[in-house]
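Numbering follows full-length UniProt numbering, with no gaps: position 128 of the sequence shown is 128.
The beta-carbon is built from N, C-alpha and C at its ideal position, and this holds for glycine as well.
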Amino acid sequence: MGDSVVTLRPATGHDIPGFVALGRAVVPPTYGPIDAAYAQRMIDEWWTPEVFTRSMQTNTHLVAEADGEVVALANLGRLSRSYRAFPHVTDDREVMWKLYVHPDHQGRGIGGRLLAEIESLVEGDELWLEVVDGNDAAFAFYRAHGFEEVERVADDEWPDDVWMKKVLAR
Ligand SMILES: CC(C)(COP(=O)(O)OP(=O)(O)OC[C@H]1O[C@@H](n2cnc3c(N)ncnc32)[C@H](O)[C@@H]1OP(=O)(O)O)[C@@H](O)C(=O)NCCC(=O)NCCS
1 MGDSVVTLRP ATGHDIPGFV ALGRAVVPPT YGPIDAAYAQ RMIDEWWTPE
51 VFTRSMQTNT HLVAEADGEV VALANLGRLS RSYRAFPHVT DDREVMWKLY
101 VHPDHQGRGI GGRLLAEIES LVEGDELWLE VVDGNDAAFA FYRAHGFEEV
151 ERVADDEWPD DVWMKKVLAR
């Protein structure tokens, strides 16, 4: 399994069950140590077929596949088209909302390949993303790929969001 060829391609609706399964595999080990209730909420509220169906209408999704299985996912969209509210933001942003690699496939370059592909789809010259405060491995990965922390958005109930930005060389 570890040696299989990994291909990237645009996602289709047929990938949604694979995305839901990916979330169940990657969300608990990523966010459980930070906040177990938050990890459960993510799976229940955000990694559902309904949310993916809606998200695929407004955002571009890329999938990494190995042996016919979804092993990673990345997506890109405009903040102005999100269903969430961002009172602290005045301009629009192109945002990579998700970059998730299955735990069995992490550390093999798939995240880097997906990120490069997402960067090539950005229309402006900046790519933004949010990292949950405490997700140190992801933060380090993004720092190593040229992202800088811009702001932290505090939340009373859940972990803070750290916004990062990369200025793309054109
Ligand atoms: C963070 C993540 C997207 C990186 O993708 P990846 O395919 O594992 O990373 P790559 O193989 O392209 O790059 C490896 C680099 O990432 C870092 N890294 C992060 N998590 C790692 C892991 N579990 N194993 C190995 N390296 C990891 C290493 O520092 C490594 O740096 P190096 O190239 O200098 O050795 C992926 O590990 C992941 O999905 N993590 C869990 C979910 C998550 O936090 N997503 C981001 C949400 S904002």
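- Taking a C-beta distance under 8 angstroms as the contact criterion, valine 6 and alanine 66 qualify as a contact pair.
- The beta carbon of leucine 79 sits no closer than 7 angstroms to any heavy atom of ligand 1.
- Taken through DSSP and simplified to helix, strand or coil, arginine 81 comes out as helix.
- The alpha-carbon of alanine 64 is positioned some 13 angstroms away from that of lysine 98.
- Taking the C-beta atoms as reference points, leucine 22 is found no nearer than 8 angstroms to glutamate 117.
- Glutamate 123 sits exposed, since fewer than 16 C-beta atoms from the chains shown fall within 10 Å of its C-beta.
- Sorting Thr53, Thr30, Ala85 by C-alpha distance to the C-alpha of alanine 138 places Thr30 at the top.
- In this structure, the CA atom of threonine 90 is about 44 angstroms from the CA atom of serine 4.
- When C-beta atoms of the stretch 66 to 82 are compared with those of the stretch 103 to 119, three or more pairs fall below 8 angstroms, so the two segments count as touching.
- Under the rule that a run must span 4 or more residues, the alpha helix (DSSP H) segments found entirely inside the stretch 46 to 73 read 49 to 58.
- Looking only at Gly18, Ala85, Leu121, the smallest Cα-Cα distance to arginine 170 is reached by Leu121.
- The residues Thr30, Tyr31, Ile34, in chain order, have a CB closer than 8 angstroms to that of asparagine 135 in the same chain once the five nearest residues on each side in sequence are set aside.
- For aspartate 136, the uninterrupted alpha helix (DSSP H) segment begins and ends at 136 to 144.
- Of the residues assessed, leucine 168 falls on the exposed side of the cut-off, its CB having fewer than 16 other CB atoms within 10 angstroms.
- Distance from the CA atom of valine 27 to the CA atom of arginine 41, rounded to whole angstroms, is 10 angstroms.
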